[in-house]
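Protein chains in written order, with the working numbering: chain Z, 80 to 377; chain V, 101 to 418.
Beta carbons are placed, not taken as given, at the ideal position from N, Cα and C, and that holds for glycine.
Notes to accompany the following structure.
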Amino acid sequence: MSAASWAVGRQGPSSGGPREAATWDRRQVIATELRAVRGRSYPRIAGMFREPSWIFFEILLPFLTTSAFVFVYRALQAPPEYVGFVVLGGVMIAFWLNVVWLMAGQLYWEKDQGNLELYFAAPMDMMSVLFGMAFGGLIMSSTRAAVVLVVASVLYDVVFNVQQWLLLGGVFLLTLFALYGLGMVLASLFLLWGREVWHLNQLLQEPVYFVSGVNFPVNRLGLLGALAVATLPLAVGLDAMRQLAFAGQAAATAFLPPEAEAVLLVVMVGAFLILARVMLRLMERLARREGRLTVRGR
Amino acid sequence: MSASPSAAPLSLGSPSLGAAGRFGRTPLIAHWRAFATAARLGWLMEANWTDPFLFFVYSVAKPLAATLILVLMVLVIGGASSAEFRAFVVVGSALWSFVVGGIAGLAWSILDDRERYRMLKYLYVSSSAFAVVLIGRGTARVAIGAVGALVTLTVGVGFLGVRLDPGRIDWLLLVGSMAFGLVAILALGVLLASVILQTRQESWSYPEAVAGALFLIVGAVFPLSVLPPVVQAVGLAMPLTWWLAGVRQALFPGSISSVGGPGSLFAQLSGHASPQSGEILVALLVTAAVVTLGSGVAFRAAQRRVMQKGLIDLTTGS
Numbered sequence: 080m081s082a083a084s085w086a087v088g089r090q091g092p093s094s095g096g097p098r099e100a101a102t103w104d105r106r107q108v109i110a111t112e113l114r115a116v117r118g119r120s121y122p123r124i125a126g127m128f129r130e131p132s133w134i135f136f137e138i139l140l141p142f143l144t145t146s147a148f149v150f151v152y153r154a155l156q157a158p159p160e161y162v163g164f165v166v167l168g169g170v171m172i173a174f175w176l177n178v179v180w181l182m183a184g185q186l187y188w189e190k191d192q193g194n195l196e197l198y199f200a201a202p203m204d205m206m207s208v209l210f211g212m213a214f215g216g217l218i219m220s221s222t223r224a225a226v227v228l229v230v231a232s233v234l235y236d237v238v239f240n241v242q243q244w245l246l247l248g249g250v251f252l253l254t255l256f257a258l259y260g261l262g263m264v265l266a267s268l269f270l271l272w273g274r275e276v277w278h279l280n281q282l283l284q285e286p287v288y289f290v291s292g293v294n295f296p297v298n299r300l301g302l303l304g305a306l307a308v309a310t311l312p313l314a315v316g317l318d319a320m321r322q323l324a325f326a327g328q329a330a331a332t333a334f335l336p337p338e339a340e341a342v343l344l345v346v347m348v349g350a351f352l353i354l355a356r357v358m359l360r361l362m363e364r365l366a367r368r369e370g371r372l373t374v375r376g377r
Numbered sequence: 101m102s103a104s105p106s107a108a109p110l111s112l113g114s115p116s117l118g119a120a121g122r123f124g125r126t127p128l129i130a131h132w133r134a135f136a137t138a139a140r141l142g143w144l145m146e147a148n149w150t151d152p153f154l155f156f157v158y159s160v161a162k163p164l165a166a167t168l169i170l171v172l173m174v175l176v177i178g179g180a181s182s183a184e185f186r187a188f189v190v191v192g193s194a195l196w197s198f199v200v201g202g203i204a205g206l207a208w209s210i211l212d213d214r215e216r217y218r219m220l221k222y223l224y225v226s227s228s229a230f231a232v233v234l235i236g237r238g239t240a241r242v243a244i245g246a247v248g249a250l251v252t253l254t255v256g257v258g259f260l261g262v263r264l265d266p267g268r269i270d271w272l273l274l275v276g277s278m279a280f281g282l283v284a285i286l287a288l289g290v291l292l293a294s295v296i297l298q299t300r301q302e303s304w305s306y307p308e309a310v311a312g313a314l315f316l317i318v319g320a321v322f323p324l325s326v327l328p329p330v331v332q333a334v335g336l337a338m339p340l341t342w343w344l345a346g347v348r349q350a351l352f353p354g355s356i357s358s359v360g361g362p363g364s365l366f367a368q369l370s371g372h373a374s375p376q377s378g379e380i381l382v383a384l385l386v387t388a389a390v391v392t393l394g395s396g397v398a399f400r401a402a403q404r405r406v407m408q409k410g411l412i413d414l415t416t417g418s
């Protein structure tokens, strides 16, 4: 299948104008939504191959950032598992950055670029657009995360001790679903805002890394850490994954057992997806009423 | 009235040279006006989206959180050198606000003007020198970074146990290091701007990635001596390394050296453990000059390429 046809799909039974779209049956609706997901994820995946500079700037350089924290622990002569904590943190930061910049802020950028009104005019659900963005972004950030995990583990002699592979895989996937669910909620929320989005995105980096314990055990933050574990998928996911990836070494610094944190993540996934749908409708209505859907550069 | 025969003929020279290309040599005052206007514009764009208090909170939250991450890492591990190392990381991460601001300011101003406001082509063909406008815009972010650095240092001294004695500050070293260091930071910003001129919209994350990578090799939050010798050598060639070492030595004379120390490459090469003030300033001057010249060459090459390939107003999306 060619790139172009992958992006837009074949003209199937669901083609036609909005008037025709109103009479579509369920099969046609689902087919169109799936095409919307595929079409929105396409530029992110294709973009990876068309702009090779991202390999240097988004894989190699962030790996060096993670390495800096590894060397801080080495300078402090910390126990080896702390280096592993940093590496896991570096892996999850790849996904978090993708959520913040390419999910949360995306509808705002689309508004600035003039694409947003096209999305709303197209016969599809905006949730499909968000799913497409999430899927494409997930592919992009998985590449970076994999490189950080493999290269850093080899280079810095990180020894994983995994006894519950299934639970570790489950927690990892649940963390990703929850992260991208949160990204969808934020994308809806940011739809109403103007230039605040940019600054809020900035605020969602180091301060969130701090409260989520990306480079140190989150339980050291006491109540603040507990709040983070209860609300931020990054915090609870990392806490659980550390316990599962370094069995016996991280349990003493954990908040809750990994099974309990997995349940918490399931709740987060459901809550964020429902909230994203509600917020999207609410924000769209508000944005339409206040005439902000097509206002650019503010 | 006819034009004076002695006047230079009006022709469309390279817009990259600004007024110089079209009307002869640009007076310094015109460059200054362009710089001041761009800096003011940059400041307004950064600051007028909210009220001053919220702007202040947003400006300091990031550097403060970055510092707290490192302080927590030090506290978690503890050890005998904990207090001294805490001061080391507080100063390093506070100063890093300048680097992030300087590097990101120039790069983001290109992306802002090209992708969001669609104004880059108009700036490019305006009578002001393009590089001067960019540096002006970047300076506004450096100023915001300075606020973040100052607040972080204040919090470090007030709440994180960093002991600063104003009577012991080496003002000459401090002023010299800051002056050369800021020039080097802006030069690095121009270097990255040269890349961003040619890349796509997703380059928003590039400045932070570059700053993060530099974080590893310049002794920002740990002494270079823990790195392999080859990486130490790369670090010693960076002006930021000497800038950080200079400011640290000026503020906390006799504290842990980010450049020297037992087993460091500097100690092996120089024969003494830590660099003296004069050595730091000379090394900073030389490395900053090399980076500044290199960034000028790279910027001119980038301008030629974007004009040839028609990238100056090319917007992208993903």
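{"Item": "Between Phe322 of chain V and chain Z, is there a C-beta pair that is closer than 8 Å?", "Value": "yes"}
{"Item": "Does chain V have any CB closer than 8 Å to the CB of Asp236 of chain Z?", "Value": "no"}
{"Item": "Shortest alpha-carbon distance to Glu215 of chain V belongs to which of V:Leu351, V:Thr299, V:Ala134?", "Value": "V:Thr299"}
{"Item": "For Ala101 of chain Z, count the other beta carbons within 10 Å of its own beta carbon; 16 or more makes it buried, fewer makes it exposed. Which is it?", "Value": "exposed"}
{"Item": "Could you work out which residues of chain Z lie near Thr299 of chain V, taking near to mean beta carbons separated by less than 9 Å?", "Value": "Glu130, Ser132, Trp133, Phe136"}
{"Item": "Please list, in chain order, the residues of the segment 291–324 of chain Z that have any C-beta partner in chain V closer than 9 Å.", "Value": "Gly292, Val293, Asn294, Phe295, Pro296, Arg299, Leu300"}
{"Item": "Within the 8 Å Cβ cut-off, does Ala154 of chain Z reach chain V?", "Value": "yes"}
{"Item": "Tell me Phe269 of chain Z's beta-bridge partners as DSSP assigns them.", "Value": "The partner list for Phe269 of chain Z (beta bridge, DSSP) is empty, contrary to what the question assumes."}
{"Item": "Taking a Cβ distance cut-off of 8 Å, strictly less, list which residues of the segment 242–260 of chain V are near chain Z, in chain order.", "Value": "none"}
{"Item": "Could you tell me whether any Cβ in chain Z is nearer than 8 Å to the Cβ of Ala313 of chain V?", "Value": "yes"}
{"Item": "List, in order along the chain, the chain Z residues whose C-beta lies closer than 9 Å to that of Ala402 of chain V?", "Value": "Within chain Z, no residue comes near Ala402 of chain V; the closest Cβ sits about 13 Å away, beyond 9 Å."}
{"Item": "At least one CB of chain V closer than 8 Å to the CB of Trp103 of chain Z: is that the case?", "Value": "no"}
{"Item": "Give me the chain V residues within the contact set of Tyr288 of chain Z, using Cβ-Cβ distance strictly less than 9 Å, ordered along the chain.", "Value": "Ala165, Ala166, Ile169"}
{"Item": "Grab me the residues of Asp212 of chain V's own chain with a C-beta within less than 6 Å of its C-beta, minus the 5 sequence neighbours each way, in chain order.", "Value": "none"}
{"Item": "How is the alpha helix (DSSP H) around Asn177 of chain Z delimited, first residue to last?", "Value": "159–178"}
{"Item": "What are the residues that DSSP puts in a beta bridge with Asn240 of chain Z?", "Value": "Z:Phe325"}
{"Item": "Have a look at Ser227 of chain V and Arg400 of chain V and give me their C-alpha separation to the nearest angstrom.", "Value": "17 Å"}
{"Item": "Just curious, the alpha helix (DSSP H) that Arg263 of chain V is in, first and last residue?", "Value": "No alpha helix (DSSP H) holds Arg263 of chain V; DSSP gives it neither H nor E."}
{"Item": "The segment 364–380 of chain V: which residues have C-beta closer than 9 Å to a C-beta of chain Z, in chain order?", "Value": "none"}
{"Item": "Quick check: the segment 188–204 of chain V against the segment 154–170 of chain V, are at least 3 beta-carbon pairs closer than 8 Å?", "Value": "yes"}
{"Item": "Figure out for me which residue from Z:Val264, Z:Leu303, Z:His278 has the closest Cα to the Cα of Phe334 of chain Z.", "Value": "Z:Leu303"}
{"Item": "Is DSSP giving Pro115 of chain V helix, strand or coil here?", "Value": "Caution applies to Pro115 of chain V, whose pLDDT of 49 falls short of 50 and renders its modelled position unreliable; the model cannot decide the point."}
{"Item": "Could you tell me whether the Cβ atoms of Leu340 of chain V and Ala398 of chain V are closer together than 8 Å?", "Value": "no"}
{"Item": "Residue ranges of each alpha helix (DSSP H) run of no fewer than 4 residues wholly in the segment 308–372 of chain V, ordered along the chain?", "Value": "329–336, 339–351, 365–370"}
{"Item": "Please determine, among V:Val318, V:Phe352, V:Leu297, V:Gly378, the residue with the shortest C-alpha to C-alpha distance to Lys409 of chain V.", "Value": "V:Leu297"}
{"Item": "To the nearest angstrom, report how far apart Glu99 of chain Z and Gly211 of chain Z are at their CA atoms.", "Value": "24 Å"}
{"Item": "Rounded to whole angstroms, what is the Cα-Cα separation between Tyr158 of chain V and Leu327 of chain V?", "Value": "34 Å"}
{"Item": "Which class does Gly88 of chain Z belong to by DSSP, given the choice of helix, strand or coil?", "Value": "Residue placement at Gly88 of chain Z is flagged as unreliable, the pLDDT there being 45, under the threshold of 50; a coordinate-derived value is accordingly withheld."}
{"Item": "If we cut at 8 Å on Cβ distances, does Val286 of chain V have a partner in chain Z?", "Value": "Checking the sequence shown, residue 286 of chain V turns out to be Leu, not Val. Chain Z contact via Cβ: absent."}
{"Item": "Could you check if Asn177 of chain Z is buried or exposed, using at least 16 other CB atoms within 10 Å of its CB as the buried criterion?", "Value": "buried"}
{"Item": "Give the residues of chain V in contact with Leu140 of chain Z, contact being defined as C-beta atoms less than 7 Å apart.", "Value": "Ala309, Val310, Gly312, Ala313"}
{"Item": "Are any of the Cβ atoms in chain Z nearer than 8 Å to that of Phe153 of chain V?", "Value": "no"}
{"Item": "Which residue marks the beginning of the alpha helix (DSSP H) containing Ile203 of chain V, and which one marks its end?", "Value": "182–211"}
{"Item": "Which value, in whole angstroms, describes the spacing of the CA atoms of Leu255 of chain Z and Pro163 of chain V?", "Value": "27 Å"}
{"Item": "If you reduce the DSSP assignment to three classes, tell me which class Tyr217 of chain V lands in.", "Value": "coil"}
{"Item": "Note down, in chain order, each residue of its chain lying with its Cβ closer than 8 Å to the Cβ of Val250 of chain Z, except the 5 sequence neighbours on either side.", "Value": "Gly316, Ala319, Met320, Leu323, Pro337, Glu340, Ala341, Leu344"}
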